[in-house]
Amino acid sequence: INMIKDLEGRVQELVLEADSISKKRNVLETENEELQTSIDNQKEEIHSLKQ
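Be aware that the sequence shown starts at 1, since it is given in the numbering used here, and climbs by one per residue.
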């Protein structure tokens, strides 16, 4: 029975860890999109300056 409780505790830890990783991933994806937009805007600006 102790072993089962240990496993249940470990599963809970893994679920929380997975949730945390998922949230971090969402944050990184958002930052990535923002950086990509910024890069695109800068490229357009450079292009318009060249003309």
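Positions of the beta carbon are idealized from the N, C-alpha and C atoms, including for glycine.
Cα separation between R10 and K23? Within the sequence shown, numbered from 1, the residue matching residue 10 stands at position 10. Within the sequence shown, numbered from 1, the residue matching residue 23 stands at position 23. Approximately 20 Å between the Cα atoms of the pair.
Does at least one heavy atom of the ligand MG sit under 6 Å from the Cβ of E31? For the ligand MG, the structure offers nothing, since it holds no ligand at all.
For I46, the first and last residue of its enclosing alpha helix (DSSP H): Counting from one through the sequence shown, the residue named residue 46 turns up at place 46. Start and end: N2 to K50.
Roughly how many angstroms separate the alpha carbons of N32 and K43, rounded to a whole number? By 1-based counting over the sequence shown, the position of residue 32 is 32. By 1-based counting over the sequence shown, the position of residue 43 is 43. Using only the alpha carbons, I get a separation of about 16 Å.
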